[in-house]
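Numbering (my numbering), first residue to last: 39 to 170.
Glycine included, C-beta positions come from ideal geometry on N, C-alpha and C.
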């Protein structure tokens, strides 16, 4: 009985060790560097793209600062576009909510004319009613 328990414990430890190695391999494959390497390896396998890839990589290695500035500029552009889209969606939602509020619109444009006296409709009605 004790032998079988020891064997079971040993088997469990071996299984855990294999599982740990498998998880480490999966994490290694899913790391950003590994994914980029795999994508670039695919590009390099294509004969027509290999020369383009090698030339681009050499240019990046010779001039890292301009490449980083270009990447920062593209990132900033994407950020601004996303922010503008978010603002537009917020504005559309606000306008849709504003349309639900009832507004009295008589259709007449109100124009200020300094030569005409200011009209007070409520006061004029009260004053007109007193004259009767």
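When the beta-carbon positions are compared, residue 82 and residue 91 come within less than 7 Å of each other. The beta carbon of residue 131 sits closer than 6 Å to no other beta carbon from its chain once the five residues preceding and following it are set aside. Boundaries of the alpha helix (DSSP H) harbouring residue 82: 70 to 83, taken from the DSSP string. When rounded, the separation of the alpha-carbon atoms in residue 74 and residue 101 is 20 Å. The three-state reading of DSSP puts residue 104 in helix, counting H, G and I together.
Nearest in C-alpha terms to residue 95, of all of 55, 78, 86, is 78. One Cα belongs to residue 56, the other to residue 62, and the distance between them is close to 10 Å.
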